[in-house]
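Residues in the sequence shown are numbered from 1 upward in steps of one, following the UniProt record's numbering. Below: the structure, in structure tokens.
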Amino acid sequence: MKYLLDTHTLLWIVTDSPKLSKKAKKLYLETDNTILFSLASIWELAIKSSLGKIEFDKTLEGFVEEHVKGNNIQILNIELPHILRVEQLPFHHRNPFDRLLIAQLIENNLSIISYDKIFDLYKVNRIW
């Protein structure tokens, strides 16, 4: 199966946070699964870092190299169909990063590993 990690999910995996559900951790660790992390989430981290809302041991680039590429997590690029799909989504909330993730989930037929229940309003498969 292919799963997309929400931004906070990767951060909780990296920090071994007790907030990470056992099911989420199990899916992440199963070698048969393909784990993806969206370029939208990396963009979100870049903005949060530049605003001082998050700090990395190294740089964001170092974080991506170590924790994304270093753990065989595939980067899901942002493509035109994803952006066009955003326009069609109902406006349950305004977070542009979540809305882009939702569009990617729909366009790529993916499930998301996320604590955030807002995804449930969009008829996508959220696992926690």
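For glycine and all other residues, C-beta sits at the position ideal for the given N, C-alpha and C.
Could you check whether I112 and R126 sit closer than 8 Å to each other, using their CB atoms as the reference points? yes
Tell me where the alpha helix (DSSP H) around S111 begins and ends. Where S111 is concerned, there is no enclosing alpha helix (DSSP H), although the beta strand (DSSP E) it sits in stretches over 111-113.
In chain order, what residues of the same chain lie with their CB nearer than 6 Å to the CB of T7, ignoring the 5 residues before and after it? S41, E44
Answer yes if the region 28-41 comes into contact with the region 67-79, meaning at least three C-beta pairs across the two stretches below 8 Å, and no otherwise. yes
Beta-bridge pairing of residue 130 - partner residues as DSSP gives them: An answer regarding residue 130 cannot be provided, because it is not within the stretch 1 to 128 covered by the chain.
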